[in-house]
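Residue numbers (our numbering): 210 to 430.
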């Protein structure tokens, strides 16, 4: 049942999608040496989901298999992700988005003040071009699956924060799909206040915790 729910969730997101200096600069880059048909992709996602035995990330991996997107060979992963990282850094140079490398994964961190108004889950129109640039790179390098994680600070009701973070993850995923990213690759998750990166005791810490993180993970065999 969970497998089918994941597949249907991807379908719902796709259908919904169809209807400064960087504040994070200063990090060091470490080298670790198009659009598809939506209905066809959903069919592939459903086929892949039938073999899912684990989490949403595994379902996304299976969706890539079902859609006929090949896995990266072990020795090619580092170079493939290096190229994608370099392209993301170039495209997002002045966008207010942090690009980080974590092993062979790429992490994009988007502060909530540039993506959403307070307490809202509608992406600010001025942030659309940034997400379109991310989508362009994801479409060029399609042998990955992508977790979109919404995060909040600890102010307010826990249940509200969890729902808000999920709605924000869904909103970002929808815009990526509107720009051609195959929905089966996307895993939108809301974490609420459960994964802080700073103390919620200070305004600066709370601001850092209000964010959207996009994790780009290579599809390997």
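The beta-carbon is built from N, C-alpha and C at its ideal position, and this holds for glycine as well.
Residues near residue i in its chain [Cβ-Cβ closer than 6 Å; skip 5 each side]
{"i": "residue 466", "result": "As displayed, the chain neither begins before 210 nor continues past 430, which places residue 466 out of reach and without an answer."}
{"i": "residue 370", "result": "361, 401, 402"}
{"i": "residue 298", "result": "308"}
{"i": "residue 412", "result": "none"}
Residue i - containing beta strand (DSSP E), residue span
{"i": "residue 323", "result": "First-last for residue 323: 321 to 324, but that is the alpha helix (DSSP H), not the beta strand (DSSP E)."}
{"i": "residue 310", "result": "306 to 311"}
{"i": "residue 359", "result": "353 to 360"}
Which listed residue (the options) has its alpha carbon closest to that of residue i
{"i": "residue 416", "options": "402, 289, 426", "result": "402"}
{"i": "residue 426", "options": "418, 347, 375, 368", "result": "347"}
{"i": "residue 400", "options": "358, 288, 300, 364", "result": "358"}
{"i": "residue 380", "options": "398, 310, 406, 352", "result": "398"}
{"i": "residue 329", "options": "376, 300, 368, 367", "result": "376"}
{"i": "residue 295", "options": "363, 315, 378, 428", "result": "315"}
{"i": "residue 378", "options": "270, 332, 413, 276", "result": "332"}
{"i": "residue 300", "options": "341, 405, 352", "result": "341"}
Residue i in three-state terms, based on DSSP
{"i": "residue 220", "result": "In this predicted model, residue 220 has a pLDDT of only 45, less than 50, meaning its place in the structure is not dependable enough to derive any value."}
{"i": "residue 435", "result": "Nothing about residue 435 can be reported from this structure: the residues present for the chain run from 210 to 430 only."}
{"i": "residue 274", "result": "helix"}
{"i": "residue 399", "result": "strand"}
Close-in-space but distant-in-sequence residues of the same chain around residue i (CB under 8 Å, 5 per side omitted)
{"i": "residue 292", "result": "350"}
Residues near residue i by beta carbon distance below 7 Å, same chain, minus five either side
{"i": "residue 344", "result": "385, 388, 389, 390"}
Bounding residues of the alpha helix (DSSP H) (the contiguous stretch that carries residue i)
{"i": "residue 412", "result": "412 to 418"}
{"i": "residue 348", "result": "337 to 349"}
{"i": "residue 287", "result": "286 to 300"}
{"i": "residue 385", "result": "367 to 387"}
Nearest-angstrom Cβ-Cβ length linking residue i and residue j, presumed shorter than 8 Å
{"i": "residue 355", "j": "residue 267", "result": "Actually they are not in contact, since the Cβ atoms of residue 355 and residue 267 sit about 14 Å apart, beyond 8 Å."}
{"i": "residue 274", "j": "residue 352", "result": "That belief does not hold up - the Cβ atoms of residue 274 and residue 352 are roughly 11 Å apart, past 8 Å."}
Residue i Cβ short of 7 Å to the ligand FMN heavy atom set
{"i": "residue 340", "result": "For the structure depicted, the ligand FMN is absent and the ligand set is empty, with no information on it obtainable."}
Any chain D beta carbon closer than 8 Å to residue i
{"i": "residue 401", "result": "Although the question refers to chain D, the structure presented lacks it and comprises just one protein chain."}
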